[in-house]
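As C-alpha cells, the structure follows; a few thoughts come after it.
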Amino acid sequence: MTGSRVQDRIVRVASGQGFWGDWLEAPRRQVEGGPIDYLMLDYLAEVTMSILQKQKERDPALGYARDFIGAMESVLPAVVGRGVRVVANAGGVNPVGCARAVLELARSRGAGLKVGVVTGDDLLPRLDELLASGHPLVNMDTGAPLSDVRDRVLAANAYIGSTPIVEALARGAQVVVTGRSTDTALTMAPLRHEFRWGATDWDRLAAGIIAGHIIECGAQCSGGNCLVDWRDVPDLANVGYPIVEARADGTFVITKHPGTGGRITVPSVTEQLVYEMGDPHSYITPDVVADFTSIRLAPDGENRVRVFGITGRPATDKLKVSIAYRAGFKAVGSLVYAWPDALEKAQRADQVLRRRLDDLGLRFDEMLTEYVGVSATHGPLAGPAGDVPEVQWRIGVRSSDRASVDRFTREIAPLVLNGPPSVTGFAGGRPKVEEIVAFWPALVDKSVVQTSVEILA
Amino acid sequence: MKVRLVDIAHARSGDKGDTANVGVIALKGEWYPLLAESLTRARVAEHFAGVITGDVERFELPNLHALNFLLHGALDGGGTLSLKTDAQGKVFSTAMLRMVLDVDDARARALGLPAARTA
Chain A
0 MTGSRVQDRI
10 VRVASGQGFW
20 GDWLEAPRRQ
30 VEGGPIDYLM
40 LDYLAEVTMS
50 ILQKQKERDP
60 ALGYARDFIG
70 AMESVLPAVV
80 GRGVRVVANA
90 GGVNPVGCAR
100 AVLELARSRG
110 AGLKVGVVTG
120 DDLLPRLDEL
130 LASGHPLVNM
140 DTGAPLSDVR
150 DRVLAANAYI
160 GSTPIVEALA
170 RGAQVVVTGR
180 STDTALTMAP
190 LRHEFRWGAT
200 DWDRLAAGII
210 AGHIIECGAQ
220 CSGGNCLVDW
230 RDVPDLANVG
240 YPIVEARADG
250 TFVITKHPGT
260 GGRITVPSVT
270 EQLVYEMGDP
280 HSYITPDVVA
290 DFTSIRLAPD
300 GENRVRVFGI
310 TGRPATDKLK
320 VSIAYRAGFK
330 AVGSLVYAWP
340 DALEKAQRAD
350 QVLRRRLDDL
360 GLRFDEMLTE
370 YVGVSATHGP
380 LAGPAGDVPE
390 VQWRIGVRSS
400 DRASVDRFTR
410 EIAPLVLNGP
420 PSVTGFAGGR
430 PKVEEIVAFW
440 PALVDKSVVQ
450 TSVEILA
Chain B
0 MKVRLVDIAH
10 ARSGDKGDTA
20 NVGVIALKGE
30 WYPLLAESLT
40 RARVAEHFAG
50 VITGDVERFE
60 LPNLHALNFL
70 LHGALDGGGT
80 LSLKTDAQGK
90 VFSTAMLRMV
100 LDVDDARARA
110 LGLPAARTA
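Listed in order, the protein sequences are those of chains A and B.
Numbering that gives the first Met the number 0 numbers the first residue of the first sequence as 0 and each following residue consecutively.
Numbering that gives the first Met the number 0 numbers the first residue of the second sequence as 0 and each following residue consecutively.
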C-alpha cells in the first residue's frame, strides 16, 4: 500500500554547521559518513548580520558567509553526484551574491547546479517607509521607539520562516540560500517539502521546528558542551554531528553517523532542548508556535533518541525583526598577577587604574572588573578564593566617546612597571578599541514582509 | 540531609538579550518532583542575589524532568554591549548547580540521593 510506504519513509536532515565559525570539517563528514538527504548549515547569529553588512558596504559583492563557499566545495560531489540537497542561511545580507558565488564554484568544477535564493528579509532599504506608515518597531525589551537610534542603524532583517524555502525546493533547487531565515526553518522546510505538510498542520510543523532546534547548534546535542558524565563522552576529536531521521507523522529520531565520536542520549538531547529557551509552552516561530512541554523522548538504541508527541498552535501574525545599530565603543584589558597574594595584588592594580582614570577626568557608561580564576564566571557564588597561584585581572570599559576608551587602553601596560608586583601576561599588547553593534529586537506585521524566490542555474 | 544540586541534576544555559536562561534537568526522573518543589522562584532569586539585577521567571517541563529559569538583568546589558567574560550566560548553568538543598533524611534515603561531602 502506498499509504504505509509513505508512513515508513524516512527523510534524513543532517546538521553541518551550528554557527559561522563552526568546525570546517563537519559538512564534508556529514555527506561522506553515511546516507543523508539534506545538509542543513546555520551560519547566522545576530552579530553576524552586522559584520556582513559592514563587509557589503566595503564591497557590494560581499555580505554573505564566505565559509559557505568552502563548505560547498567540500560537499559538491555529493550534491551533484548523489542528490544531497543543501539548505543554508549563508546569504546574510547578500543572498544573491552568495548564490552567484556557489554557481561560479560549480561552473569551475564543470558541474551544473540549480541554486534557489530567498530574499525579502532585508528591511534596511524600507526602514523609513515602515516607520512612516505606522510601524514604530518598538524595542521588545525596553518599549523605546526605533526613532531613538534610527540614525545609527546598520542592518534590519525580519526572521522569515519555511515557506519560501519549501517553494525553492519544490522548484527543484539543489542548494537553497537564504538571508535571515530562522535557524529552525532550515530543518523544518525540507521535511515540510518531502512530506507535503500543510501550512496549518500545526503539530507536524512544530515537530519540524523542534527537530531544527535540536540540531541547529551542531554537536551541542551529540556530546559537545555536554555536562552529563562529560569525562566519559567518547572520542570528541572525531565527534559526529547530529542527523534527524524524520517520518511523515512528525516523529523523528536524532542520531549520528556510525564510527563517529560524541554521544546521543536522552540527557544530551534534553540539554540542547533547554538551550536558549524562553517560555516552553510558546516557542514562537514564523510558521507555528511549538509547545516544548509536549515533547517526549525515548532511547532508541545506541546513539539514537526517539522524539514524539509534539504539538503546536497557530502562528502569530507578526515577524521578529533584528535591527543592528552602532552603540558606542568598548575595550577590555587584562594582566596576570602571581602568588603570593595574587588576588590582593590584582585588586590593588584595579584601584590604581580606577584612580588614574578618575584623575584624567575620564567617564565611562560602564566599567567592569573581573578576577579570572576567582570569581569571573560565578561571582560571589564561587566563595572565598584561598591562596590561588595566579589571578587574571580583567577590566572593561564602555563609552559613546571613542577617545575615552582609547585613553583607557593606554593605561594598562604602564602598570607592569609602575603598579603592584609579580605581574605578567601582557604579551598581547595594548587592548583594542572595538565599536559596539547592539541589537534592537522588534516585531512587524507579517503582511508587510514579502519574500521571493529565484532559481539561478 | 544536605544534597548538592550538582549531584542530582545537570544544566545548560544561554542568553537572550540581557537575560540568561538556565535549564535544570534531573539526573533521574524520580528526582524531578524534589527539584520542582525545591527550586522555587524565590529560592533561585535568593541564590543569584547580587549576581543578577532583575526578576526570575520559572517554567516547568515535567515531560523532560526539567525546569527552565529566566534570569533577567544577568548579563551586564547582554550580547555585544556586555563587558563580562560570560557575556552570553554560558556558565550560569553550573553557577545554578552550586546550590545545596536541605532534604528530609528519610526522603533522601528513599530517593537514593547522594549526600553532600561535608565542607
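From the three backbone atoms N, C-alpha and C, an ideal C-beta is built for every residue, glycine too.
What you are looking at is a predicted structure, and each value in this text was computed from that prediction instead of being measured.
Residue-chain proximity (residue i, chain B), Cβ-Cβ < 8 Å
{"i": "Y240(A)", "result": "no"}
{"i": "F251(A)", "result": "no"}
{"i": "D405(A)", "result": "no"}
{"i": "K329(A)", "result": "yes"}
{"i": "H212(A)", "result": "no"}
{"i": "F18(A)", "result": "no"}
{"i": "T1(A)", "result": "Note that T1(A) has pLDDT 48, beneath the 50 cutoff, so the model's placement of it is unreliable and the number below is only indicative. False, the Cβ-Cβ gap to chain B never drops below 8 Å."}
{"i": "P440(A)", "result": "yes"}
{"i": "G395(A)", "result": "yes"}
{"i": "Y274(A)", "result": "yes"}
{"i": "V390(A)", "result": "no"}
{"i": "S398(A)", "result": "no"}
{"i": "G277(A)", "result": "yes"}
{"i": "V46(A)", "result": "yes"}
{"i": "F307(A)", "result": "no"}
Through-space distance from residue j to residue i, alpha-carbon basis
{"i": "A412(A)", "j": "P383(A)", "result": "28 Å"}
{"i": "S293(A)", "j": "G308(A)", "result": "6 Å"}
{"i": "R84(A)", "j": "V5(A)", "result": "20 Å"}
{"i": "V10(A)", "j": "A314(A)", "result": "25 Å"}
{"i": "M39(A)", "j": "D66(A)", "result": "14 Å"}
{"i": "L130(A)", "j": "V390(A)", "result": "50 Å"}
{"i": "Q449(A)", "j": "G217(A)", "result": "30 Å"}
{"i": "A118(B)", "j": "A94(B)", "result": "With a pLDDT of 48 at A118(B), under the threshold of 50, the modelled position of that residue is not reliable, and no figure is offered here."}
{"i": "R108(A)", "j": "P189(A)", "result": "26 Å"}
{"i": "K317(A)", "j": "V101(A)", "result": "32 Å"}
{"i": "P285(A)", "j": "Y336(A)", "result": "51 Å"}
Where residue i falls: helix, strand or coil (DSSP)
{"i": "P124(A)", "result": "helix"}
{"i": "N156(A)", "result": "strand"}
{"i": "I242(A)", "result": "strand"}
{"i": "Y121(B)", "result": "Here chain B covers residues 0 to 118 and nothing more, so residue 121(B) does not appear."}
{"i": "M364(A)", "result": "With the sequence shown as reference, residue 364(A) is identified as Asp, and Met is not the correct amino acid for it. Note: D364(A) maps to coil in three-state DSSP."}
{"i": "L484(A)", "result": "Because chain A spans 0 through 456 in this model, residue 484(A) falls outside it and cannot be assessed."}
{"i": "V232(A)", "result": "coil"}
{"i": "W201(A)", "result": "helix"}
{"i": "S281(A)", "result": "coil"}
{"i": "K83(B)", "result": "coil"}
{"i": "V148(A)", "result": "coil"}
Proximal residues to residue i (C-beta, below 6 Å), its chain only, five neighbours per side dropped
{"i": "N138(A)", "result": "W439"}
{"i": "H212(A)", "result": "T183"}
{"i": "C97(A)", "result": "Y63, A89, G90 and V176"}
{"i": "A381(A)", "result": "S374"}
{"i": "R40(B)", "result": "V55 and R57"}
{"i": "F18(A)", "result": "A44"}
{"i": "S403(A)", "result": "L361"}
Beta carbon proximity, residue i to chain A, threshold 8 Å
{"i": "K1(B)", "result": "no"}
{"i": "T52(B)", "result": "no"}
{"i": "R97(B)", "result": "yes"}
{"i": "D6(B)", "result": "no"}
{"i": "S37(B)", "result": "no"}
{"i": "R11(B)", "result": "yes"}
{"i": "A107(B)", "result": "no"}
{"i": "K27(B)", "result": "no"}
{"i": "G111(B)", "result": "no"}
{"i": "G72(B)", "result": "no"}
{"i": "A41(B)", "result": "no"}
{"i": "V90(B)", "result": "yes"}
{"i": "L14(B)", "result": "A quick correction: the sequence has Asp, not Leu, at residue 14(B). Chain A, which has a Cβ nearer than 8 Å to the Cβ of D14(B), makes this yes."}
Residues bridged to residue i [DSSP beta-bridge criterion]
{"i": "H9(B)", "result": "I24(B)"}
{"i": "N67(B)", "result": "G22(B) and F58(B)"}
{"i": "G260(A)", "result": "V238(A)"}
{"i": "A402(A)", "result": "Paired residues: none, contrary to the question."}
{"i": "Y336(A)", "result": "V390(A) and V422(A)"}
{"i": "Y311(A)", "result": "The sequence shown places Gly at residue 311(A), not Tyr. A289(A), per the DSSP bridge assignment."}
Spatial neighbours of residue i in its chain, beta-carbon cut-off 7 Å, leaving aside the 5 residues before and after
{"i": "G76(B)", "result": "D17"}
{"i": "V268(A)", "result": "I213, C220, I253, L296 and V304"}
{"i": "L96(B)", "result": "L4, V5, A8 and A10"}
{"i": "I24(B)", "result": "A8, H9, A10, L63, H64 and A65"}
{"i": "A60(A)", "result": "G96"}
Proximal chain D residues relative to residue i, where beta-carbon distance stays under 9 Å
{"i": "P379(A)", "result": "Although the question refers to chain D, the structure presented lacks it and instead comprises the protein chains A and B."}
Residues of its chain near residue i, where Cβ-Cβ distance is below 8 Å and the 5 sequence neighbours each way are ignored
{"i": "P34(A)", "result": "R11"}
{"i": "L185(A)", "result": "M39, L40, D41, V86, A87, N88, I164, T177, G211 and E215"}
Cβ-heavy atom distance, residue i to the ligand GTP, below 7 Å
{"i": "L204(A)", "result": "The model depicted lacks the ligand GTP and carries no ligand whatsoever."}
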